[in-house]
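Remarks on the structure that follows.
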Amino acid sequence: MNVATESEPDRLVYSAEELLASDKYKEPLIANEVRCHGGFLDDGLYLSPRTLHRAPAIDAWKRQLARQGHELIDLSRDLTPPQYPNVAQAKLLLNHGVREPIVRALTIISIVEGFGAMIRDVRVPRLEDLFVGGVEGTALAHLRGGLFEAHARDESGYRDEGGHKQMWEAARDEALENPKIPGDVLMSIMGRRRRRQKTGPVFPEIEPKLERMLAFMSQVMVIEIFAEGTFEWGIELLSDPEVSANPKSASGMVSYIQQDEKPHVEYLRTALSEARARTIRTVDGKEIAGKVVIDEFLHRIIHAMTRERQRDQRDDLRENLIEAMKVAKNPKALLEEFDSLDEAWRPPAEIGFVSTRSPAAA
Ligand SMILES: [Fe+2]
Ligand SMILES: [Fe+2]
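When the letters of the sequence shown are read in order and numbered with our numbering, they come out as residues 8 to 369.
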């Protein structure tokens, strides 16, 4: 069973152990004295963790989907809201000695990465019974058997190895020389999460566990895709020697995280595309097209997140901005300059996924 995947690129069935297996690295990745996941080959090339079989497996499931004539879910890059503060605004603050808001923004990113471990708690129902034709040899069939667990370990670390949470902390601490971390960061983002309302099931005819799983995966996929904007922001900001004490290692760390995210986006879009291509059995003995369900979730999540993400990032920053700016020589002028660098952005009218169940669609 342990034949190298390279020799059988079309293999569709893997054990959890295989999906969690890493390559043999020459050098481990050490960040801020913490041993992190992944590592380097002889030529200094960084290899993401747990991709020895996971990467070729995802490729094989994708090729199978294409062979069957189904499309892979794709989100337009135009949908990604810009990062707030933008790079110019962040540099302006740092150049004026106003560091707290940027320390805060980077700390929030590290905490949110750590939240990614929640994916291992998603309850997976018996998918082979719920999809017409079953799920054998698909990404869907491997969610519980390795894919969710690999994702969780990548985000929050595993045993004595750090993951993305620790890697973002290291990037922050190297660039900004071990800054003081505000004590209320976690509390403030948790408070906002609690204020958000939960809505009832959108598809009462579907097994509730299946609805929750597909909705959660859709949400995580959109977060992962939008995060690409955060990585570009982090690399541009932390690689600038004017504001970063260790431009090379701090931005390098963010680029390793960026590379690690690829399998997350890819397995989620593959599994959701598989669900979208199938027919779902309902609890009342009928059937519903997977496309209707997945497109509904994607429509709702993208609609909400293109609005909330900007609002959240603004709230996070502006709550303490005026206070933090007091360390500058002329806080009022600084605030004016900061706001003048703002970029207006509106979510595109076209999301690309159709809602058939929202009140507006009726
Ligand atoms: Fe991550
Ligand atoms: Fe991720």
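All C-beta atoms, glycine included, are put in the ideal place defined by N, C-alpha and C.
Closer than 8 Å: residue i CB and nearest ligand 1 heavy atom
{"i": "alanine 351", "result": "no"}
{"i": "histidine 271", "result": "yes"}
{"i": "alanine 62", "result": "no"}
{"i": "aspartate 118", "result": "The sequence shown places isoleucine at residue 118, rather than the aspartate named in the question. Because no heavy atom of ligand 1 lies under 8 Å away, the Cβ of isoleucine 118 does not count as near it: no."}
{"i": "glutamate 4", "result": "Because residue 4 is not part of the residues shown, which for the chain are 8 to 369, the question remains open."}
{"i": "glutamate 1", "result": "Coverage of the chain is limited to positions 8 through 369, which leaves residue 1 absent and any answer about it impossible."}
{"i": "isoleucine 264", "result": "yes"}
{"i": "glutamate 162", "result": "yes"}
Residue i, DSSP secondary structure in three states
{"i": "tyrosine 373", "result": "With the chain covering 8 to 369 only, the question about residue 373 has no answer from this structure."}
{"i": "asparagine 9", "result": "Confidence in asparagine 9 is poor, its pLDDT being 43 and thus under 50, which makes the residue's placement unreliable; the coordinate value appears in the next sentence. Coil at asparagine 9, not helix or strand."}
{"i": "valine 250", "result": "coil"}
{"i": "alanine 340", "result": "helix"}
{"i": "glycine 46", "result": "strand"}
{"i": "arginine 106", "result": "coil"}
{"i": "isoleucine 188", "result": "coil"}
{"i": "leucine 377", "result": "No answer is possible for residue 377: it lies beyond the span of the chain, which begins at 8 and ends at 369."}
{"i": "valine 20", "result": "coil"}
{"i": "valine 142", "result": "coil"}
{"i": "glutamate 168", "result": "strand"}
{"i": "alanine 356", "result": "coil"}
{"i": "valine 94", "result": "helix"}
{"i": "valine 41", "result": "strand"}
{"i": "isoleucine 118", "result": "helix"}
{"i": "leucine 147", "result": "helix"}
{"i": "alanine 335", "result": "coil"}
{"i": "glycine 198", "result": "helix"}
{"i": "serine 83", "result": "coil"}
{"i": "histidine 6", "result": "Here the chain covers residues 8 to 369 and nothing more, so residue 6 does not appear."}
{"i": "lysine 31", "result": "coil"}
{"i": "valine 361", "result": "coil"}
{"i": "phenylalanine 210", "result": "coil"}
Residue range of the beta strand (DSSP E) that includes residue i
{"i": "proline 35", "result": "34-38"}
{"i": "arginine 2", "result": "A question about residue 2 goes unanswered here, because the residues of the chain that appear run from 8 up to 369."}
{"i": "glutamate 294", "result": "294-296"}
Residue i CB to nearest heavy atom of ligand 2 below 8 Å
{"i": "phenylalanine 123", "result": "In the sequence as presented, phenylalanine is not what sits at residue 123; that position holds glycine. At least one heavy atom of ligand 2 is nearer than 8 Å to the Cβ of glycine 123, so yes."}
{"i": "glutamate 168", "result": "no"}
{"i": "alanine 157", "result": "no"}
{"i": "histidine 171", "result": "yes"}
{"i": "arginine 34", "result": "The residue asked about is misnamed: residue 34 is glutamate in this sequence, not arginine. No."}
{"i": "aspartate 128", "result": "no"}
{"i": "glutamate 268", "result": "yes"}
{"i": "glutamate 235", "result": "no"}
{"i": "glutamate 281", "result": "no"}
Delimiting residues of the alpha helix (DSSP H) encompassing residue i
{"i": "lysine 172", "result": "171-182"}
{"i": "arginine 219", "result": "215-245"}
{"i": "proline 56", "result": "No alpha helix (DSSP H) contains proline 56, which DSSP labels as neither H nor E."}
{"i": "aspartate 161", "result": "155-163"}
{"i": "aspartate 136", "result": "134-137"}
Min CB distance residue i to chain D below 9 Å
{"i": "phenylalanine 223", "result": "Within the model displayed, chain D is absent; a lone protein chain is all it includes."}
| message | Using 8 Å as the cut-off, can you tell me whether the stretch 84-100 makes contact with the stretch 161-175, which would need three or more C-beta pairs spanning the two stretches below that distance? | response | no
| Does the stretch 297-308 come close enough to the stretch 65-79 to have 3 or more Cβ pairs within less than 8 Å? | No, the stretch 297-308 does not touch the stretch 65-79.
| request: Kindly confirm or deny that the stretch 278-292 and the stretch 216-230 touch, where touching means at least three C-beta pairs closer than 8 Å. | output: yes
| message | Across the stretch 243-260 and the stretch 134-143, are there enough close Cβ pairs to call them in contact, namely three or more that are closer than 8 Å? | response | no
| task | State whether the stretch 177-194 contacts the stretch 50-68, with contact taken as three or more CB pairs (one from each stretch) at a distance under 8 Å. | result | no
| Any 3 or more C-beta pairs closer than 8 Å across the stretch 221-240 and the stretch 302-309 | yes
| Three-pair Cβ contact test at 8 Å for the stretch 111-119 versus the stretch 341-359 | Contact fails between the stretch 111-119 and the stretch 341-359, because fewer than three Cβ pairs, one in each stretch, are under 8 Å apart.
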